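Reviewing the structure listed below.
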Amino acid sequence: EIRYEPLRWLQVSPTWKIGRALLRRGGRYAAPPECFFLAGHEGPIAEGEIQRGCAWATQMIHKLSPVSPK
């Protein structure tokens, strides 16, 4: 999810609603929902958010990659 930084606490997060629906239906998180922020209302991406996004994506790749047999 991407949000505008100054309004981060005023915005409703659909990711948590979707997550609750997933859990109610027996699903599970690979990782908790994550929000990434814009510096302005229409961008650019806030400082450090690309690095956070890359780290989050790398975590997802490792968690969701199939385990190779030894």
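Sequential numbering from 46 applies to the sequence shown in our numbering. In this text, a Cβ means the ideal position worked out from N, Cα and C, and glycines have one as well. The structure presented is a predicted model; accordingly, all values stated were derived computationally and were not measured.
Whole-angstrom distance between residue j and residue i, CA atom to CA atom
| i | j | result |
| --- | --- | --- |
| residue 85 | residue 91 | 8 Å |
| residue 67 | residue 61 | 10 Å |
| residue 73 | residue 89 | 32 Å |
| residue 82 | residue 95 | 9 Å |
| residue 111 | residue 97 | 24 Å |
| residue 59 | residue 106 | 23 Å |
Among the options, nearest to residue i - alpha-carbon criterion
| i | options | result |
| --- | --- | --- |
| residue 108 | 93, 68, 76, 65 | 76 |
| residue 80 | 93, 110, 106, 111 | 93 |
Same chain only: Cβ atoms within 8 Å of residue i, ignoring 5 sequence neighbours per side
| i | result |
| --- | --- |
| residue 104 | 76 |
Same chain only: Cβ atoms within 6 Å of residue i, ignoring 5 sequence neighbours per side
| i | result |
| --- | --- |
| residue 101 | 79 |
Sequence ranges, beta strand (DSSP E) only - wholly within the segment 71-111, length at least 3:
81-83
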